[in-house]
Structure formats: C-alpha cells, structure tokens
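Residues in the sequence shown are numbered consecutively from 1, following full-length UniProt numbering.
Where a beta carbon is used, it is the ideal one built from N, C-alpha and C, also for glycine.
In what follows, a structure is listed as structure tokens, so that the remarks can point back to it.
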Amino acid sequence: MTEKWYYVDSGYASPAYNMALDEALLKWHSQGEIPPVIRFYGWEPAAVSVGYFQKIDGKIDVDSVKEHGFEIVRRPTGGRAVLHDNELTYSVIVSENHTSMPPTVTEAYRVISEGLLQGFRNLGVDAEFSIPEGKLKQTGSAVCFDEPSWYELIVGGRKVAGSAQTRQKGVILQHGSLPIAMDDVTLFDMFIYPNERVKERARKAFGGKAVAINEVAEREVPIEEVKSAFKAGFEQGLDVELVPYELSEEQKQVVDELVRTRYGTDEWTYYR
Numbered sequence: 001m002t003e004k005w006y007y008v009d010s011g012y013a014s015p016a017y018n019m020a021l022d023e024a025l026l027k028w029h030s031q032g033e034i035p036p037v038i039r040f041y042g043w044e045p046a047a048v049s050v051g052y053f054q055k056i057d058g059k060i061d062v063d064s065v066k067e068h069g070f071e072i073v074r075r076p077t078g079g080r081a082v083l084h085d086n087e088l089t090y091s092v093i094v095s096e097n098h099t100s101m102p103p104t105v106t107e108a109y110r111v112i113s114e115g116l117l118q119g120f121r122n123l124g125v126d127a128e129f130s131i132p133e134g135k136l137k138q139t140g141s142a143v144c145f146d147e148p149s150w151y152e153l154i155v156g157g158r159k160v161a162g163s164a165q166t167r168q169k170g171v172i173l174q175h176g177s178l179p180i181a182m183d184d185v186t187l188f189d190m191f192i193y194p195n196e197r198v199k200e201r202a203r204k205a206f207g208g209k210a211v212a213i214n215e216v217a218e219r220e221v222p223i224e225e226v227k228s229a230f231k232a233g234f235e236q237g238l239d240v241e242l243v244p245y246e247l248s249e250e251q252k253q254v255v256d257e258l259v260r261t262r263y264g265t266d267e268w269t270y271y272r
C-alpha cells in the first residue's frame, strides 16, 4: 500500500509566517501528531531569505531590499540568500529514521530531489542532478543560485532549483526555491558589492549559472500547472500519496506565536 503524506498548499503568506509554518510542521511531525508533509507556498511580499548562519551586515543591501518593497527573513536552515519572488517554494518534512531516508545529508538530498526531478520532467523540462567534480569551488558569493550543490537540479549546466536542509528533533526539514521567472537585475540589487562594475560583472556571470522554469520550458507556465507538476513529481519520486491537509485553528495560533516571538522579530533576523 502506498504511504500517505500530508500535502499543505498554504498559498501566499508573509515571509515570517512561511518560516514559522515550516518550523511548526517540523515540531508536529517530531511529536507524532502528523505524518510526513510536502508543502507548497508563495511570498507576499517578496523577500530575501538568509541562511541561519549567514551574515547580513556587509552582504545584504538592507536599504535596497526595503526600497523594492521586499522583506528580509532568516531561515531555520543553512545556505546562502535567496530572493523569493516569482516562484514556487516547497518544503519537505520527514523523520530522519524514515525507511526511505538515508542517514547522510547528501544522500537525503538525492532522495528528496527525485521528487523535484520528476516535477521538472512533468513540465517537459529535461533536468538532471548536479554532481560536482571534487570539492565545490567557494566563490564567496552571498547568492544561493551562484553555484549548484550535490544533487540540486540543473538544466544545460544551469541551476533551476535551490534547496537548504536542517535536522532538528529527529526530523529533516528541506525547503527550496523553484523560480518560475527570474529578474537578475532586481536580484543583484539585494546584495552589496564594492562598486557597480563588480556588481554588473557578477550579474552577467550569473546568467550562465541559473535559469528559471519559463525559460527552460520556453513558455510562460501558470503557477497552478507548476504546482500540479511538482505535486505529482513528489508522489512519483518518493512513491507516496499526498493527501490535502488544512491547519486547525489551534495550529494556526501556534504559527502566529512563532511569527510574533521569532521570525517576525529583528532579534532573530539580524542576530548575525
């Protein structure tokens, strides 16, 4: 019998709410209150999310972020900064000791990324896993999509999905960005560079490293089609059945409290 996981489509929400809900789902799964979860969501307003360990000072242009009407939020996961704008964001919450999950972070990425791989194929996009040769070259860039890591998805050598993972309370939380369209001019406005020449050179180089769904699909793909493709992709890649799930009022209050006490606070966002 196919295992049933919850499927949560939480729509568009604030950056703080998005991160709070991911943490709450992790907690509820760790306590055995819910099965594993696949979640899809969007951002309103758009935001720059920074990794748990990432420094903001000297890296992120906070004034420019605000001038664009965006927000900054700190993720509970590691990795580098991501601009969440025209995209589908996903999260996977599953126990470390689940029978399908390997013990190592890299191999767990591979298993979860099977769902992403199938999702791209459902859109007619010929994606493949990134398998870097030897140790990744460290560019020093604060931008997530500047280089692919092990088992992230690439098309024609360019990164099409960026993911980050944490393990807490015996549970894996992996979430990631699936850009539908990408504005690299706006993206690079979010980061601090020594001067405009260096910034422009970095932006031009970026075009050869990252690509969005609309470009590789060679058409404008509606968000609902993207959701359907990746929902089916996770079911195929993980061999599970996704059952729609709605939060209770009590659960919503837990998420709101996490927004108030953590993800919506400057103390959390700017602590590094």
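- When DSSP states are grouped into helix, strand and coil, Lys55 belongs to the coil group.
- Val125 and Gly42 have their C-alpha atoms some 22 Å from each other.
- The closest CA to that of Phe70, considering only Ile60, Asp239 and Ile154, is found on Ile60.
- Taking all protein chains in view, the Cβ of Tyr12 is surrounded by fewer than 16 other Cβ atoms within 10 Å, so the residue is classified as exposed.
- Taking 7 Å as the cut-off, the beta carbon of Met182 is found no closer than this to the beta carbon of Ala217.
- Separation of Leu26 and Lys209 (C-alpha to C-alpha, rounded to the nearest whole angstrom) is 32 Å.
- Counting the other CB atoms within 10 Å of its CB gives Ser248 a total below 16, which places it among the exposed residues.
- Shown here, Phe191 sits in a strand according to DSSP, grouped into three states.
- Nearest to Val65 by C-alpha distance, out of Ser228, Ala46 and Gly78, is Ala46.
- With respect to the 7 Å criterion, Trp268 and Arg260 are not classified as neighbours on the basis of their beta carbons.
- Just measuring C-alpha positions, the residue of Pro179, Val254, Gly207 and Leu258 sitting nearest Ile223 is Pro179.
- In the assembly as shown, Arg197 is an exposed residue. Its beta-carbon has fewer than 16 other beta-carbons within 10 Å.
- By the beta-carbon neighbour count (other beta carbons within 10 angstroms, threshold 16), Ala205 is exposed.
- With 16 or more other Cβ atoms from the protein chains shown falling within 10 Å of its own Cβ, Glu23 counts as buried.
- Counting along the chain, Asp9 sits inside the beta strand (DSSP E) bounded by residues Glu3 to Ala13.
- Rounded to the nearest whole angstrom, the C-alpha separation of Gln174 and Ser163 is 7 Å.
- By a beta-carbon distance limit of 8 Å, Glu96 contacts Arg167. Their separation comes to about 6 Å.
- For Asp189, the closest of Ala81, Leu21 and Tyr52 by C-alpha to C-alpha distance is Ala81.
- In the structure shown, Leu258 adopts helical secondary structure according to DSSP, grouped into three states.
- Straight-line spacing of the CA atoms in Arg203 and Leu153 works out to 21 Å.
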